[in-house]
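This note's numbering puts the first residue of the sequence shown at 31, with every later residue one more than the last.
A short write-up of the structure that comes next.
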Amino acid sequence: MTIEPIASATTQSLKKADPASLRALSDGCFLAGFASIAASIAIWAAQRKEADEAHAERFGIFVGLWAPTFFILSNRFERYAERSEEAKKSS
């Protein structure tokens, strides 16, 4: 079984989705990226005082690594919203 048919079906359904919903998802992912950065700093600062400092650093970095994923998803949802609007205009 290959992953291409699944990825293609997902891409096609996202292109047909409502642009407003895709933009809302994009905005949510963008905010989640910044929240991840803030949470990473907060976790590091809070746990550094209580427990092992190395654990606090690792957990803070783990949460901070979510930020790029959220920013990439935000960008992708924005692109799909644009494509969906273009497809509806050309129809």
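Virtual Cβ for every residue (Gly too), placed ideally from N, Cα, C.
Problem set entry | Beta-carbon contacts of Ile73 that lie in its chain and below 8 Å, excluding the five residues immediately before and after | As a working mapping, residue 73 is identified with position 43 in the sequence shown. Residues Ala86, Phe89, Gly90 and Val93 of the same chain have their beta carbon placed closer than 8 Å to that of Ile73, with the five preceding and five following residues left out of the count.
Exercise. Would you call Ser7 buried or exposed, if buried means 16 or more other Cβ atoms sit within 10 Å of its Cβ?
Worked result: For the chain, the structure presents residues 31 to 121; residue 7 sits outside this window and is missing.
Problem set entry | Distance between Ala65 and Gln42 (C-alpha atoms, nearest Å) | Here residue 42 refers to the residue found at position 12 of the sequence shown. Here residue 65 refers to the residue found at position 35 of the sequence shown. Straight-line measurement puts the Cα of Ala65 at about 30 Å from the Cα of Gln42.
For this session: Classify Ala62 as helix, strand or coil using the three-state DSSP reduction.
Result: Residue numbering aside, residue 62 sits at position 32 when the sequence shown is read from its first letter. Correct three-state label for Ala62: helix.
Problem set entry | Cα-Cα separation between Ser114 and Ala68, rounded to whole angstroms | To locate residue 114, count along the sequence shown from 1; it is residue 84. To locate residue 68, count along the sequence shown from 1; it is residue 38. Looking at the two C-alpha atoms, the distance is approximately 32 Å.
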